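Structure record follows, encoded as structure tokens.
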Amino acid sequence: MALSSSISVSRRLFKGLTINPALASGMMCQHHQLQQRAPVSGTAKGKAKLKSGQQLKRNTIGAKKGGAPSTGGGGGGGRGRREAIERITQIAESCLNASTPLRHLSPKERLREAKREELGLISKERQRELDLAKAKAKSKGTREDDGGHVLMGPPGLDYISIGLVDEDAIPKYELTVEDGRRLAKQYSQVLMRRHRARQTAESSLLSLKKEAIAALPEKLRAAAMIPDMTPFPANRYMATLTPPIEGYIEKVRDAAKNHFCNKFPAVRFASAI
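First residue of the sequence shown: 146, per this note's numbering; consecutive thereafter.
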């Protein structure tokens with residue numbers, strides 16, 4: 146009873162309230178916006194209810210008569226995606242299979258590598274360089290597999306074509322892995338013997354130097370113990386194995402002075418005045 150009485154009282158109060166006309170028009174406008182103004186289209190997306198088991202309708206573009214049928218399942222988009230994937234794959238393969246840059250070898254390393262090649266030992270980097278040179282020569286027209294030769298010099302002026310090198314005299318090495326390891330071990334032993342001989346020579350030279358200094362008098366020994374860090378004089382040549390020629394520097398100076406005076410006589414006349 147109390148609930149029904151409160152509802153009736155609230156209805157009477159609501160009827161007695163006066164609503165502003167502007168507010169009422171705004172409420173009607175919003176209500177109109179929320180209402181459905183046009184009927185729903187016949188597409189499957191706009192239907193409120195679908196029958197069970199009914200397939201959705203899709204908009205399809207019919208092919209033109211006389212036109213070539215599309216082979217790709219996805220049309221142009223699928224073909225473009227395939228091309229992009231192939232391009233990315235090619236870039237990745239080119240990065241993974243990129244050739245190594247040109248190696249910088251010191252003269253000692255080049256000599257050592259040449260000696261190793263004489264023994265039939267070729268490093269991986271050198272083998273890669275040889276393969277690249279063969280491929281480059283093959284692309285330029287040399288047929289090594291058909292009996293040709295690798296260029297040993299600039300194209301057209303290689304040593305074999307000119308006749309400086311006999312092609313039959315070039316050794317051809319056909320080594321197995323065991324032969325290569327055996328030769329590498331022998332070459333390592335040769336290098337070790339050379340290193341030990343060099344160490345022995347340097348040690349004997351140092352001992353002889355110490356004995357010579359010890360045999361000097363007291364004053365000369367004290368002077369010999371002081372290292373000479375001064376460079377060679379500007380008017381002298383560096384130390385050589387041959388003894389110096391007496392008066393050679395003076396003769397060179399006189400010849401240079403006469404040549405300068407003969408080339409510029411005005412300078413000689415001014416110096417005479």
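A virtual CB, placed ideally from N, CA and C, is assigned to each residue, including glycine. Note that the coordinates shown come from a computational prediction; the quantities given were computed from them, not determined experimentally.
First and last residue of the uninterrupted alpha helix (DSSP H) at residue i
i: I305; result: Y304 to I307
i: D311; result: Segment: none, D311 is in no alpha helix (DSSP H) and carries neither H nor E.
i: I358; result: V322 to A359
i: L256; result: P252 to E263
i: R366; result: E363 to A369
Cβ distance (whole Å) where residue i is taken to contact residue j below 8 Å
i: Y332; j: L266; result: 7 Å
i: I358; j: A367; result: Actually they do not touch by this definition, with Cβ atoms about 10 Å apart.
i: L328; j: L250; result: Not confirmed; about 21 Å, so no contact.
Contact test: residue i Cβ vs the ligand MN heavy atom, cutoff 7 Å
i: L256; result: No copy of the ligand MN occurs in the structure displayed, which carries no ligand at all.
Kindly confirm or deny that the segment 339-353 and the segment 265-282 touch, where touching means at least three C-beta pairs closer than 8 Å. no
Is there contact here, the segment 229-239 with the segment 301-316, by at least three beta-carbon pairs under 8 Å? no
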